[in-house]
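Scroll down for the structure; my scribbles are underneath it.
Residue numbers (the working numbering): 14 to 113.
Spelled out as structure tokens, the structure:
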């Protein structure tokens with residue numbers, strides 16, 4: 014378990030704290046998304062980079078950002094993922110990332 018060089022907290026502890034920081038629907042959504050991501054594949058690990066939760070497995074899969082009116086997931090290589098249902102609704106102009 015890696016520790017944050019600044020706070021000494023593990024990524025898990027930092028993500029727990031971020032979820033608790035938002036005691037409304039945003040914290041609930043971030044917690045639910047976290048659970049889904051970790052359940053998807055046992056090789057996924059949690060990290061803390063750029064002051065946001067990061068989920069990785071042989072590279073960054075996605076980040077989770079909390080905003081006033083949204084919880085945004087940015088997929089590092091989302092442009093390479095087929096999206097026939099049109100779920101990606103942000104960062105569409107980029108050549109690499111996609112978000113929802």
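Glycine included, each C-beta is placed from N, C-alpha and C at the ideal position.
Let me know if residue i comes out buried or exposed under the rule of 16 or more other beta-carbons within 10 Å of its beta-carbon.
i           : result
residue 67  : buried
residue 107 : exposed
residue 34  : exposed
residue 84  : buried
residue 38  : exposed
residue 48  : exposed
residue 24  : buried
Which residue's Cα is closest to the Cα of residue i: the options?
i          : options         : result
residue 73 : 97, 95, 50      : 50
residue 89 : 98, 111, 78, 81 : 111
residue 91 : 44, 80, 75, 40  : 75
residue 55 : 44, 42, 69, 27  : 69
Tell me residue i's beta-bridge partners as DSSP assigns them.
i           : result
residue 111 : 88
Review point. At what residue ranges does the stretch 24–88 contain a whole run of the alpha helix (DSSP H), taking only runs of 4 or more?
Key: 24–34, 38–53
Check your understanding: Does the stretch 48–68 touch the stretch 96–104, meaning 3 or more C-beta pairs lie closer than 8 Å?
Key -> no
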